[in-house]
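Each position in the sequence shown, counted from 1, maps to that position plus 1 in our numbering.
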Amino acid sequence: MTHKIAILGASGYTGAELVRLIAGHPNMEIVALSGERKAGMAYRDVFPHLRHLDLPDLVKIDEIDFANVDLAFCALPHATSQAVIRELPADLRIVDLSADFRLRDLDEYEKWYGKPHGAPHLQPEAVYGLTEFYREKIRAARLVAGTGCNAATGQYALRPLMTGGLIDLDDIVIDLKAAVSGAGRALKENLLHAELSEGYHPYAIGGTHRHLAEFDQEFSRVAGRPVRVQFTPHLIPANRGILVTVYVKGDAEKVHAALADAYKDEPFILTLPFGEAPSTRHIRGSNYCHIGVVADRIEGRTIIVAALDNLTKGSSGQALQNANLMLGEVETAGLMAAPVFP
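Shown next as structure tokens:
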């Protein structure tokens, strides 16, 4: 069976990544691509690297006939997604890549995003899209909320350690390096080559990054009590990739064993041999996440390092993995391509 797919917001980086991945899917066909500012343009003119594909031209969302669509990926900006999704057919399967349905508590959404939720009646049915931990709920869902790419990376490093007393839950530091594509395709002065290259920029210092809301929600849920982590992201002059270094109190060998056991059957999460650390070079363009554990020189302290591609496993690859579950496809379909190196 071939599933008819629409991608809303296809003129951005995550939209293009979805097109690239779905092009290799055996049972999906893209029937509609939206791009409000680029409506009417051929997709090959917006993304020449995909010119070999036979794709529909970009249109406005209200020009799409959703009666001919089995599932829609919504790769629109935050807040825009809520306004669009609430107007879509009530039986349409949707994977949203924005932050609009990630937070279960509507007050928390307003606190972190500065405005009331635009579709509160839909929030209760939204399933958080961290595939490895919500697989069965995703399989039965109509609306899935993709995670933040930073939030996904940190959670893969830490979620299996949140129970059983393996680490001190009150002493966790997450130091994260993120490539520039995570900021989207819109023109921004601080992302100009002359201002970004040869530099390394911390931002959202002191606990203001919105992905902290996901850490608070998910870690507290797993631990069964409030968990608050220290988190500082840094912008690096690279196109793709996230590398997170997490500092915890706990026995390194036990931490490694717990992660290895938690992910031993996961197709996309690889725990490296004890003492090895991953690199963004080794997951580029793929749906894989590599995790390493190293003992600190200070007894009882452990360093966990995780790497994934923010556009693939952190966003569009995760979205396709979830869509496969929602449509009854093999979970790994369209996602088994090896990383690109060098």
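Beta carbons are placed, not taken as given, at the ideal position from N, Cα and C, and that holds for glycine. Just so it is clear, the structure is predicted and the values come from calculations on it, not from any experiment.
Please check the pair residue i and residue j, which I expect to be a contact at CB under 8 Å, by giving their CB distance rounded to whole angstroms.
| i | j | result |
| --- | --- | --- |
| K61 | A40 | 5 Å |
| G344 | L309 | No answer is possible for residue 344: it lies beyond the span of the chain, which begins at 2 and ends at 343. |
| C150 | I243 | 6 Å |
| L177 | V256 | Their Cβ separation, rounded to whole angstroms, is 19 Å, which puts L177 and V256 out of contact at 8 Å. |
| V249 | I299 | Not really, about 12 Å apart at Cβ, beyond 8 Å. |
| C198 | P238 | Residue identity check: residue 198 is Ser in the sequence provided, not Cys. Right, the Cβ-Cβ distance comes to about 5 Å (below 8 Å), so this counts as a contact. |
| V32 | I6 | 7 Å |
| Y114 | R186 | In fact, because the Cβ distance is near 21 Å, the residues do not count as touching under 8 Å. |
| N1 | R241 | Nothing about residue 1 can be read from this structure; the chain reaches only from 2 to 343. |
| S347 | A11 | A query on residue 347 cannot be resolved here, the shown segment of the chain reaching from 2 to 343 and no further. |
| T164 | V247 | With 8 Å as the limit, T164 and V247 do not qualify as a contact, their Cβ atoms being about 17 Å apart. |
| R105 | Q124 | 7 Å |
| L167 | G251 | 5 Å |
| A339 | A296 | 30 Å between Cβ atoms; not a contact. |
| M327 | R103 | Actually they do not touch by this definition, with Cβ atoms about 17 Å apart. |
| M42 | D58 | 7 Å |
Just curious, the alpha helix (DSSP H) that residue i is in, first and last residue?
| i | result |
| --- | --- |
| A21 | The amino acid occupying residue 21 in the given sequence is Arg; Ala does not appear at that position. Here the alpha helix (DSSP H) through R21 covers 14-23. |
| I305 | Element bounds for I305: not the alpha helix (DSSP H) but the beta strand (DSSP E), 302-309. |
| H212 | 212-224 |
| A158 | 150-159 |
| G318 | 318-327 |
Buried or exposed: which applies to residue i, given that a residue is buried once 16 or more other Cβ atoms fall within 10 Å of its Cβ?
| i | result |
| --- | --- |
| T148 | buried |
| L107 | exposed |
| P279 | buried |
| Y157 | buried |
| L193 | exposed |
| E231 | Here residue 231 turns out to be Gln, not Glu, going by the sequence shown. The residue is exposed, with fewer than 16 neighbouring Cβ atoms inside 10 Å. |
| R87 | exposed |
| G13 | buried |
| F342 | exposed |
| V128 | buried |
| T281 | buried |
| H53 | exposed |
| P234 | buried |
| R38 | exposed |
| A152 | buried |
| P161 | buried |
| G395 | Residue 395 lies beyond the range of the chain shown here (2 to 343); nothing can be said about it. |
| Y44 | buried |
| H79 | exposed |
| V331 | exposed |
| N191 | exposed |
| T3 | exposed |
| K314 | buried |
| T15 | buried |
| H291 | buried |
| A214 | buried |
| A91 | exposed |
| Y201 | exposed |
| A142 | buried |
What are the start and end residues of the beta strand (DSSP E) that includes residue i?
| i | result |
| --- | --- |
| T246 | 243-250 |
| M29 | 29-35 |
| V145 | 144-146 |
| A43 | No beta strand (DSSP E) holds A43; DSSP gives it neither H nor E. |
| H291 | 290-296 |
| K255 | Looking at the DSSP string, K255 is not in any beta strand (DSSP E); the run it does join, the alpha helix (DSSP H), is 253-263. |
| A239 | Premise fails: A239 is in no beta strand (DSSP E) and is neither H nor E. |
| H4 | 4-9 |
| I270 | 270-272 |
With 8 Å as the threshold, decide whether the Cβ of residue i is near any Cβ in chain D.
| i | result |
| --- | --- |
| H257 | Among the chains of the structure shown, chain D does not appear; only one protein chain is present. |
Inset, instruction - Determine contact between the segment 53-73 and the segment 297-305, defined as no fewer than three beta-carbon pairs at a distance below 8 Å. - result: no
Legend entry - the segment 11-25 touching the segment 318-333, judged by at least three CB pairs closer than 8 Å: yes
Legend entry - Continuous beta strand (DSSP E) assignments of at least 3 residues falling wholly in the segment 171-210: 174-179
Inset, instruction - Tell me, please, whether the segment 181-190 touches the segment 125-142 by the rule of three or more beta-carbon pairs shorter than 8 Å. - result: no
Inset, instruction - Could you tell me whether the segment 151-167 touches the segment 104-123, where touching means 3 or more Cβ pairs closer than 8 Å? - result: no
Legend entry - Runs of beta strand (DSSP E) lying entirely within the segment 74-138, each at least 3 residues, in chain order: 94-97, 127-129
Inset, instruction - Take every Cβ of the segment 255-262, pair it with every Cβ of the segment 217-228, and state whether three or more of those distances are shorter than 8 Å. - result: no
Inset, instruction - Pair every Cβ in the segment 327-337 with every Cβ in the segment 198-207, then say whether three or more of these pairs are closer than 8 Å. - result: no
Inset, instruction - Flag this pair as touching only if the segment 139-146 and the segment 89-106 have three or more C-beta atom pairs under 8 Å; answer yes or no. - result: yes
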